[in-house]
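Residue numbers (the numbering used here): 12 to 498.
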């Protein structure tokens, strides 16, 4: 019954989203729409920062609390610093194994009891893993706020690993890894990241062969030890937002978390070095049944402290991250008709990031497409097709229209605040400082930053496709390609 009630509450919330005009849910995005949006000048958004209270328990656990009385619900969320970056190669994949076990049962609740408890109180709660942190998130009706906090405390403090579902989880992961091996996207990702990141933990989650080889090393004892090394109160951030009374819920948090003790966490930061041996390298994964050429190309990039991130992201939107009006889309889709979609993306991690271009093309056009991508990048760098103020203005104007959509509700703002403060070492008002900063960018700044931080000669390129259809064009141009056969 509780599940039905909370689902109804969130259905009502969804209805509010529609009424408020969730453009992405009502309008089919097209090139014409983007052009229409760009012709109108949108106001520079400002996001209201909600009042909140921050406390630190005696055990070092950091807690953020905020009231939001729009709906009779409470949201819980938070982070544990470290994540996949804390894995060793001998236990690669342990983070994924860990969170699946934590989401199944605990020391005090069997798998069946755990599922019944969530169903009885209409609670959603789960733990997940990322490169630099673990996260968790859940919700319940406000009448069940204590049951939600109790469950969160149980999952985070008392997971059980020596259980009947340990072996089932192992079999599930094994089958999942095996099925993934035939996927074109997987083949492109694993061969790209293991060459880009080498033996760094950032590459582990993409390398299914590695994950299969280490699966038997992950025992209940190793899961227990990995949990103890990472999930300690001094390394945990907890947030609660909703129709709460701060004084009341603060007492609940202390009741369920204050007695939790654990060692101080020393996070390992495995060094990431440039890999010049991969600069300019092209790897072709021969997949005889492939009908398209799956291309992933890129290089190591800056970490998440990159001081010129905002300007570079604007510049990259002009180059390849700006949907229909990006240079890559205009040339390779609109003009040449080679691709349906192509994009350039930056992923910023704590220790290093990566700059990537992704697309699918007809196999015979793979070589030409790669050369065109480099040519478009070089045309910006040499100034022959420099980034213009008008292009930058269109991107800023679109961002001004869509940015507020991410922060329509207090919970969205609150989650972002905690993420920025605790994981990114940013100011509490980073949301608005980000808006202020991107609105100051002009064409010249974008051009200078793009020239400074793009390196077409460093592209590591991985292609997945049928060798007989792809290779002749490279041979004709005397371009070296390393061919890898699928076992």
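Glycine included, C-beta positions come from ideal geometry on N, C-alpha and C. Since the structure is predicted, the reported quantities are computational estimates derived from the model, not experimental observations.
### Message
At the level of alpha carbons, what is the spacing between residue 8 and residue 446?
### Response
Residue 8 lies beyond the stretch modelled for the chain, which goes from 12 to 498, so this question has no answer here.
### Message
Give me the residue from 340, 412 and 400 with the minimum Cα distance to residue 380.
### Response
340
### Message
For the segment 194-203 against the segment 271-289, do three or more pairs of beta-carbon atoms, one drawn from each stretch, fall closer than 8 Å, so that the two count as touching?
### Response
no
#### Entry: Length-filtered (4 minimum) alpha helix (DSSP H) runs lying within the segment 49-119
105-113
### Task
Mind checking which residues open and close the beta strand (DSSP E) that includes residue 304?
304-312
### Message
I believe residue 398 touches residue 233 by the beta-carbon criterion, under 8 Å. Please report the beta-carbon distance rounded to the nearest angstrom.
### Response
Contact flag wrong, Cβ pair sits at about 50 Å.
### Whole-angstrom distance between residue 328 and residue 293, CA atom to CA atom
25 Å
### Where residue 483 falls, given that 16 or more other Cβ within 10 Å makes a residue buried
exposed
### Query
In terms of residues, what are the limits of the beta strand (DSSP E) holding residue 253?
Start and end: 247-253.
### Task
Count the C-beta pairs between the segment 243-262 and the segment 150-157 that are closer than 8 Å, then say yes if the count reaches three, no if not.
Remark: three or more beta-carbon pairs, one from each stretch, lie closer than 8 Å, so the segment 243-262 and the segment 150-157 are flagged as touching.
### Residue environment, residue 287, which counts as buried when at least 16 other CB atoms sit within 10 Å
exposed
### Opening and closing residue of the beta strand (DSSP E) in which residue 151 lies
144-152
#### Entry: Segment contact, 8 Å Cβ cut-off, at least three pairs: the segment 55-64 with the segment 125-141
no
### For residue 444, the nearest candidate out of 57, 176 and 52 (CA to CA)
Nearest C-alpha to residue 444: 57.
### Query
How would you write the range of the beta strand (DSSP E) that residue 358 sits in, first residue to last?
Its beta strand (DSSP E) spans residues 353-358.
### Task
Check the C-beta distance from residue 475 over to residue 301 and give it rounded, since I have them as a contact under 8 Å.
6 Å
### Message
Among the candidates 338, 219 and 166, whose CA atom is the shortest distance from the CA of residue 186?
### Response
219
### Query
What is the C-beta distance between residue 269 and residue 68, in whole angstroms, given that I count them as a contact (C-beta under 8 Å)?
5 Å
### Message
Can you find the residues in the same chain that come closer than 8 Å, C-beta to C-beta, to residue 60, ignoring five residues on each side of it along the sequence?
### Response
424, 428, 439, 440, 442 and 443
#### Entry: CB of residue 71 within 8 Å of CB of residue 144, strictly
no
### Query
Going by beta carbon distance, what residues of the same chain come within less than 7 Å of residue 431, once the five residues before and after it are set aside?
437 and 441
### Task
Tell me whether residue 80 is buried or exposed, calling it buried when 16 or more other Cβ atoms sit within 10 Å of its Cβ.
exposed
### Three-state class that DSSP yields for residue 139 in the structure shown
strand
### Query
With contact counted as at least three CB pairs below 8 Å, one residue from each stretch, are the segment 459-471 and the segment 410-422 in contact?
no
#### Entry: Integer Cβ distance of residue 150 from residue 135, believed to fall under 8 Å
5 Å
### Query
Can you tell me the Cα-Cα spacing of residue 264 and residue 289, whole angstroms?
Rounded to whole angstroms, residue 264 and residue 289 show a C-alpha spacing of 50 Å.
### Message
Going by DSSP in three states, residue 191 sits in which element: helix, strand or coil?
### Response
Reduced to three states, the DSSP call for residue 191 is helix.
### Message
According to DSSP, simplified to helix, strand and coil, what is residue 242?
### Response
coil
### Query
Just checking my contact of residue 433 with residue 248 at CB under 8 Å: how many whole Å lie between their CB atoms?
5 Å
### Query
When the Cα atoms are used, what is the spatial distance from residue 231 to residue 237?
10 Å
### Residue ranges of each alpha helix (DSSP H) within the segment 448-481, 4 or longer
With a minimum length of 4 residues, the continuous alpha helix (DSSP H) runs that stay inside the segment 448-481 are 454-464.
### Query
For residue 494, which three-state DSSP category applies?
strand
### Task
Rounded to whole angstroms, what's the CA-CA distance from residue 183 to residue 223? Just pull it up for me.
12 Å
### Query
Among residues of its own chain, excluding the 5 on either side of residue 321, which ones have a beta-carbon nearer than 8 Å to its beta-carbon?
445, 448, 449 and 452
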